[in-house]
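Structure record follows, encoded as structure tokens.
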Amino acid sequence: MDFITGLPCSRGNTVILTLVDRFWNLVHAVPLQKLSSAKQLAEIVAQHVFRLHGLPENIISDRGPQLVAAFWREFCKLLGITVSFSSGFHPQTNTQVERFNQDLETTLRAMCSKKPTTWSSQLPWAEYSHNSLVNSTRFSPFQAAYGFQPPLFPHQERSASVSSPAMFVQRCQRTWMDYRSRLVQNQEWLTAVTNHQRSAAPDYKVGDKVWLASADVPLKGDLRKLLPWYIGPYPVSRIINPVAVKLDLPRSLRIHPIFHVSKLKPFRTSPLHPPPAAPPALRLVDGSLVFTVSKLLASRRVGRGTWWIGWVMAWWTASGSPNAMSCAVT
Numbered sequence: 001m002d003f004i005t006g007l008p009c010s011r012g013n014t015v016i017l018t019l020v021d022r023f024w025n026l027v028h029a030v031p032l033q034k035l036s037s038a039k040q041l042a043e044i045v046a047q048h049v050f051r052l053h054g055l056p057e058n059i060i061s062d063r064g065p066q067l068v069a070a071f072w073r074e075f076c077k078l079l080g081i082t083v084s085f086s087s088g089f090h091p092q093t094n095t096q097v098e099r100f101n102q103d104l105e106t107t108l109r110a111m112c113s114k115k116p117t118t119w120s121s122q123l124p125w126a127e128y129s130h131n132s133l134v135n136s137t138r139f140s141p142f143q144a145a146y147g148f149q150p151p152l153f154p155h156q157e158r159s160a161s162v163s164s165p166a167m168f169v170q171r172c173q174r175t176w177m178d179y180r181s182r183l184v185q186n187q188e189w190l191t192a193v194t195n196h197q198r199s200a201a202p203d204y205k206v207g208d209k210v211w212l213a214s215a216d217v218p219l220k221g222d223l224r225k226l227l228p229w230y231i232g233p234y235p236v237s238r239i240i241n242p243v244a245v246k247l248d249l250p251r252s253l254r255i256h257p258i259f260h261v262s263k264l265k266p267f268r269t270s271p272l273h274p275p276p277a278a279p280p281a282l283r284l285v286d287g288s289l290v291f292t293v294s295k296l297l298a299s300r301r302v303g304r305g306t307w308w309i310g311w312v313m314a315w316w317t318a319s320g321s322p323n324a325m326s327c328a329v330t
């Protein structure tokens, strides 16, 4: 399961909760007014999943606040459901729901480009089209789940005595056919791009040192572009599976230590070409860099009495590079 956020308001909804069955690839797209709490999420899943399909054995999600909350974990534990989380900064771990999210966003963007606030009315037909589309298994998700293919729209329009129902059905048919064609095109393009970029993962072992991509380190401030592309090296403390490992990170980073191998780079050494010295470890407090002042250049005091503000200019160092800055102190 996953959330699609940042959508324009449509019938009071701004969020889509996407639910994908990993065996059948059957999907449900639930419009929501806002991101739900852990308790609200339990009620939604019970209504849209448990009521129709029974209790699942396992649920995979990212590490959103409502998904790592104690209420949600205890709720799943009492029902005998194991909870798994995707590895850090690698949503492809939950590949089926992430792929459906991409397909859904692409098609809704194309179908609702002129009227973005109408996506909520298109959502049921987008879900119906996805579930009735025959995939590489030669079965549609609907047919795999229920044993028969759902009725599709007739190729020839039938006459209707009342114009309004006929126009409504025709509009639904156009939406369904448009989404279906765009879904097939997007899946073919995504498969080709993914297979072209994919390469064999390194075979890491416990104790190996690796570099970690700095783009995924949640830092505050304006210095991200000046940091090295990779930080570390950090030792591998545990092998989770062939494509995910756990690193022994300093506590100051405050990030989840499990990463996909695509976010890592092997640390290689050679007696003929020794690696350059690694930059000092980043000093962080609540996600912000901590600097070491090496020299005060100037100072000025503003104000009188008890309350005053002092301005200082100093040389400071971060990641081994000296810089000059001015700041206010009280």
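For the sequence shown, position 281 (counting from the first letter as 1) is numbered 281 according to full-length UniProt numbering, and the numbering increases by one without interruption. All C-beta atoms, glycine included, are put in the ideal place defined by N, C-alpha and C.
Assigned with DSSP and collapsed to three states, tyrosine 234 falls in strand. Relative to aspartate 21, the option among Gln40, Val15, Glu98, Gln33 whose CA is nearest is Glu98.
For valine 68, the three-state secondary structure derived from DSSP is coil. DSSP assignment within the segment 103 to 167 yields the following whole alpha helix (DSSP H) runs of 4 residues or more, N-terminal first: 119 to 132, 141 to 146. The C-beta of leucine 247 has 16 or more other C-beta atoms within 10 Å across all chains shown, which makes the residue buried. Counting only residues of its own chain and dropping the five nearest sequence neighbours on each side, lysine 265 has a CB closer than 7 Å to the CB of Val210, Trp211, Tyr230.
Beta-bridge analysis with DSSP links threonine 18 to Asp2, Ala29. Secondary structure note for isoleucine 60: its beta strand (DSSP E) is the uninterrupted segment 58 to 61. Per DSSP, leucine 7 lies in no alpha helix (DSSP H) and is assigned neither H nor E. Looking at the DSSP output, alanine 244 bridges to Asn241, His260. By DSSP's assignment, serine 84 forms a beta bridge with Ile60. At a Cβ-Cβ threshold of 9 Å, glutamate 57 and threonine 82 count as neighbours. For alanine 38, there is no enclosing beta strand (DSSP E); the residue is found in the alpha helix (DSSP H) stretching over 38 to 45.
Residue pairing of proline 266 in beta bridges, as defined by DSSP: Val210. Three or more beta-carbon pairs drawn from the segment 27 to 42 and the segment 56 to 71 are found closer than 8 Å, and the two stretches are therefore classed as touching. Nearest Cα to lysine 115 within the set Pro150, Cys9, Pro165: Cys9. Excluding its 5 nearest sequence neighbours in each direction, serine 61 has C-beta neighbours in its own chain below 6 Å: Met1, Leu67, listed in chain order. Apart from sequence neighbours up to five positions away, no residue of its chain approaches serine 113 with a beta-carbon distance below 8 Å. Between the segment 25 to 34 and the segment 138 to 146 there are three or more C-beta pairs closer than 8 Å, enough to call the two in contact. Sequence-distant partners of valine 49 (beyond 5 residues in either direction) whose C-beta falls short of 8 Å from its own C-beta, in its chain, are Leu19, His28, Pro56. Collapsing the DSSP output to three states places phenylalanine 100 in a helix.
Distance from the CA of alanine 213 to the CA of proline 202, rounded to the nearest whole angstrom, comes to 15 Å.
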